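Trainee: Using this note's numbering, you'd call the opening residue of the sequence shown number 192 and step up by one each time. We put the CB at the ideal spot given by N, CA and C, even for glycine. Remember, it's a predicted structure, so these values are computed and weren't measured experimentally.
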Amino acid sequence: VQLQACGGGLVDIGGSLRLFCAASGSIARINDMGWYRQAPGKQRELVATITRAGTTIYTDSAKGRFTISRDNAKNTVYLQMTSLKPEDTAVYYCTAQIQTYGSWSAYWGPGTQVTVSS
Numbered sequence: 192v193q194l195q196a197c198g199g200g201l202v203d204i205g206g207s208l209r210l211f212c213a214a215s216g217s218i219a220r221i222n223d224m225g226w227y228r229q230a231p232g233k234q235r236e237l238v239a240t241i242t243r244a245g246t247t248i249y250t251d252s253a254k255g256r257f258t259i260s261r262d263n264a265k266n267t268v269y270l271q272m273t274s275l276k277p278e279d280t281a282v283y284y285c286t287a288q289i290q291t292y293g294s295w296s297a298y299w300g301p302g303t304q305v306t307v308s309s
């Protein structure tokens, strides 16, 4: 099983980006999916999570600006980011709770860089 995230890049203040992350491999079921980020010199922090049923949780800094969604048929999670600020600059990681061969594990993608230019 692997996760592959795409969609990062360089954007101006106030701009938008859409990240997406697809899980592939021997997947029986995916429960929670989410996005974390890690800025230089800081710890990795939660951005948003979404359950299989679509219930979402956002960190305070993401509320009202970011939207997490998923397509269960495609094993894909998305993060629509708007009104981007310099403090959103970080490497963004996707994660998913995946069942394979009867056991559950948390998987992480390699990360995608988001840079908001001031």
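Reducing DSSP to helix, strand and coil, say where residue 279 ends up.
Mentor: Three-state result, residue 279: helix.
Trainee: Which one of 229, 253 and 211 has the shortest CA to CA distance from residue 282?
Mentor: Looking at the Cα atoms, 229 is the closest of the given residues.
Trainee: Along the chain, where does the beta strand (DSSP E) containing residue 213 start, and where does it finish?
Mentor: First-last of the beta strand (DSSP E) with residue 213: 208-215.
Trainee: DSSP three-state label for residue 263, please.
Mentor: Helix.
Trainee: So is residue 312 buried or exposed if we call it buried at 16+ other beta carbons inside 10 Å?
Mentor: Because the chain in this structure spans residues 192 to 309, residue 312 falls outside the shown range and cannot be described.
Trainee: Compare the Cα-Cα distances from residue 285 to each of 256, 218 and 301 and report the closest residue.
Mentor: The residue with the shortest Cα to Cα distance from residue 285 is 301.
Trainee: Relative to the C-alpha of residue 207, which residue among 278, 233 and 257 is closest?
Mentor: Here the closest residue by C-alpha is 257.
Trainee: Tell me the rounded alpha-carbon separation between residue 222 and residue 305.
Mentor: Distance between the alpha carbons of residue 222 and residue 305: 26 Å.
Trainee: Expressed to the nearest angstrom, what Euclidean distance is found between the alpha-carbon atoms of residue 265 and residue 287?
Mentor: So the two alpha carbons sit approximately 13 Å from each other.
Trainee: Take residue 299 as the anchor and find which of 220, 233 and 224 has the nearest alpha-carbon.
Mentor: Out of 220, 233 and 224, 224 has the C-alpha closest to the C-alpha of residue 299.
Trainee: Here's the rule: buried if 16 or more other CB atoms are within 10 angstroms of the residue's CB, otherwise exposed. What is residue 196?
Mentor: With 16 or more Cβ atoms within 10 Å of its Cβ, residue 196 is classed as buried.
Trainee: In chain order, what are the residue ranges of uninterrupted beta strand (DSSP E) at least 3 long that sit wholly in the segment 222-255?
Mentor: List check, beta strand (DSSP E) in window: 236-241 and 247-249.
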